[in-house]
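Protein chains in written order, with my numbering: chain A, 70 to 249; chain B, 70 to 249.
For each residue, glycine too, the CB sits at the ideal point set by N, CA and C.
For clarity, every value in this text was computed on a predicted model and none was experimentally measured.
Protein chains: 2
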Amino acid sequence: MPYPAKTSREAILAAALTLLEGQDAPLTMRTLAATLGLQASSLYRHYADRETLEEAVAEEAARMLMSDITAASSGRPPHEALRVAGQQYLLFAHRHPRLYALIHQPRPPAAATPGTGKDLWNLLLGLIGAVTGRPDDTAAVVALWCFLHGYVGLESSGQFGLSGPGDAFERGLEALTRGL
Amino acid sequence: MPYPAKTSREAILAAALTLLEGQDAPLTMRTLAATLGLQASSLYRHYADRETLEEAVAEEAARMLMSDITAASSGRPPHEALRVAGQQYLLFAHRHPRLYALIHQPRPPAAATPGTGKDLWNLLLGLIGAVTGRPDDTAAVVALWCFLHGYVGLESSGQFGLSGPGDAFERGLEALTRGL
DNA sequence: GTCTATAGCAGGATAGAC
DNA sequence: GTCTATCCTGCTATAGAC
Chain A
70 MPYPAKTSRE AILAAALTLL EGQDAPLTMR TLAATLGLQA SSLYRHYADR
120 ETLEEAVAEE AARMLMSDIT AASSGRPPHE ALRVAGQQYL LFAHRHPRLY
170 ALIHQPRPPA AATPGTGKDL WNLLLGLIGA VTGRPDDTAA VVALWCFLHG
220 YVGLESSGQF GLSGPGDAFE RGLEALTRGL
Chain B
70 MPYPAKTSRE AILAAALTLL EGQDAPLTMR TLAATLGLQA SSLYRHYADR
120 ETLEEAVAEE AARMLMSDIT AASSGRPPHE ALRVAGQQYL LFAHRHPRLY
170 ALIHQPRPPA AATPGTGKDL WNLLLGLIGA VTGRPDDTAA VVALWCFLHG
220 YVGLESSGQF GLSGPGDAFE RGLEALTRGL
């Protein structure tokens, strides 16, 4: 009986985050355990299965994203805050592409973003409301989110090719904030 | 020696399309061969490997998408043509979610959409140019594409939840065509 | 709580007979 | 050109010893 346990829920979660911030290694029970100096089977004492673990990682990643956006946009005038929030969203996706993908991975309805999603949602609602003058304009938030998410997706799947996106990001963001 | 060959490149391609238009069955060499009444190993006479096959499918799917958009938008006044093109893009993604996903799957640089992508690109360039009055406004095309692609992605990953997207599609499309 | 060992599954791909 | 047979890899998850 090795007394101080070699790991814990938190340590596993942290290791999974680290693994997914790397470039290549897939998130499998084996590779994850290896980074902790463990055998894969040991992880099952802490998480029931791979999916449960993934949900925890996704939740934590969503928290990170929200924290980044909040920190960058708080205390700025409305229009600027919204622009900075958009840039920060993009930056997170660049820095942590696999965490970003995990956040947006389809999940069974029960686990559909319990609280974290709502927080980010309310933050954006406030930012947009301050710019357009319409509070609680959910359609505007969705439209903006679509644009950002699509930009990330097309970029990461290499659709922009050699010519790159040009100034589409600024143009689109500007057009949306003006047009909504 | 069964003389008339049981299959061909074209038949395999068609079967793969059909398979991916269904809901569940994954595109594996085994399942694909099964729909043709063949063994998996037989497919390798016609396609070098799975990836080569997938590229062919993706190309064909892109052709279908372009054909849909062209048919729906041609002969309409500019503003309406653009709106209809957007709707058709969304409709294709709804009807053929797995083909849509395949089109946007990251591929090694060599195979990056040889000709089909360009055609769709030029079509959209024309549509947008007719609305905004600026020909060859690539950034505008990219921005619109981001919005559409993002909408599809968020919808299919269930991010809109129970409340749904509201009228975000129309709002966003309108805001973009106006603001660009 | 961790270990070894193993069951079980799924998929890609090849060898060689016909 | 298709078949059977087989190999290989990589993964999830469990059983039971310690």
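TODO: Measure from the C-beta of residue 195(B) to each C-beta in chain A and report whether the shortest distance is under 9 Å.
DONE: For residue 195(B), the answer is no, since every Cβ of chain A falls outside 9 Å of its Cβ.
Open item on the list: When you measure from the CB of residue 228(A) to every non-hydrogen atom of the ligand NAP, does any distance come out below 8 Å?
Closed with: Looking for the ligand NAP in the displayed structure turns up nothing, as the structure carries no ligands at all.
Open item on the list: Let me make sure I understand the geometry here. Which of 136(B), 153(B), 134(B), 132(B) has the alpha-carbon closest to that of residue 142(B)?
Closed with: For residue 142(B), the closest of 136(B), 153(B), 134(B), 132(B) by C-alpha to C-alpha distance is 153(B).
Open item on the list: Just to confirm, is the Cβ distance from residue 125(A) to residue 78(A) under 9 Å?
Closed with: At the C-beta level, residue 125(A) and residue 78(A) come within 9 Å of one another.
Task: Per-residue contacts from residue 160(B) into chain A (C-beta, under 9 Å) - done: The contacting residues do not exist; residue 160(B) stays about 16 Å from chain A at best.
TODO: Kindly list the residues whose CB is nearer than 8 Å to the CB of residue 205(B), restricted to its own chain and excluding five residues on each side of it in sequence; keep chain order.
DONE: Residues of the same chain with a CB within less than 8 Å of the CB of residue 205(B), apart from the 5 flanking positions on each side, are 194, 198 in chain order.
TODO: With a floor of 4 residues, list each alpha helix (DSSP H) that falls wholly inside the stretch 116-202 of chain B, ordered by position along the chain.
DONE: You should have 119-142, 147-164, 166-172, 185-201.
- [ ] Reducing DSSP to helix, strand and coil, say where residue 229(A) ends up.
- [x] DSSP places residue 229(A) in coil when its eight states are reduced to three.
- [ ] Return the residue from the list 90(A), 76(A), 158(A) that minimises the CA-CA distance to residue 107(A).
- [x] The candidate whose alpha carbon is nearest that of residue 107(A) is 76(A).
Open item on the list: If I measure Cβ to Cβ from residue 158(A) and keep anything under 7 Å in the same chain, skipping five residues before and after, which residues do I get?
Closed with: So the list reads 138, 217, once near-sequence residues are dropped.
Task: Nonlocal neighbours in the same chain, by C-beta distance under 6 Å from residue 249(B), ignoring five residues either side - done: Excluding sequence neighbours, residue 249(B) sits near 201, 209.
TODO: For residue 237(B), I'd like the list of residues in its chain whose CB is within less than 8 Å of its CB, leaving aside the five on either flank, ordered along the chain.
DONE: If you ignore the 5 residues before and after residue 237(B), its C-beta comes within less than 8 Å of the C-beta of 220, all in its own chain and listed in chain order.
Task: Backbone CA spacing between residue 90(A) and residue 174(B) [nearest angstrom] - done: Separation of residue 90(A) and residue 174(B) (C-alpha to C-alpha, rounded to the nearest whole angstrom) is 21 Å.
- [ ] For residue 70(A), decide whether its Cβ has a neighbour in chain B, counting only Cβ atoms nearer than 9 Å.
- [x] Summary for residue 70(A): the model assigns pLDDT 47, below 50, so the residue's position carries little reliability; its value from the coordinates is reported in the next sentence. It does not; no Cβ of chain B falls within 9 Å.
- [ ] Report back the beta-carbon spacing between residue 244(B) and residue 212(A) to the nearest angstrom; my notes put them in contact at under 8 Å.
- [x] About 7 Å separates the two Cβ atoms, so the contact holds.
TODO: Take the Cβ of residue 163(A) as the centre, count every other Cβ of all protein chains shown within 10 Å, and call the residue buried at 16 or more, exposed below.
DONE: It counts as exposed.
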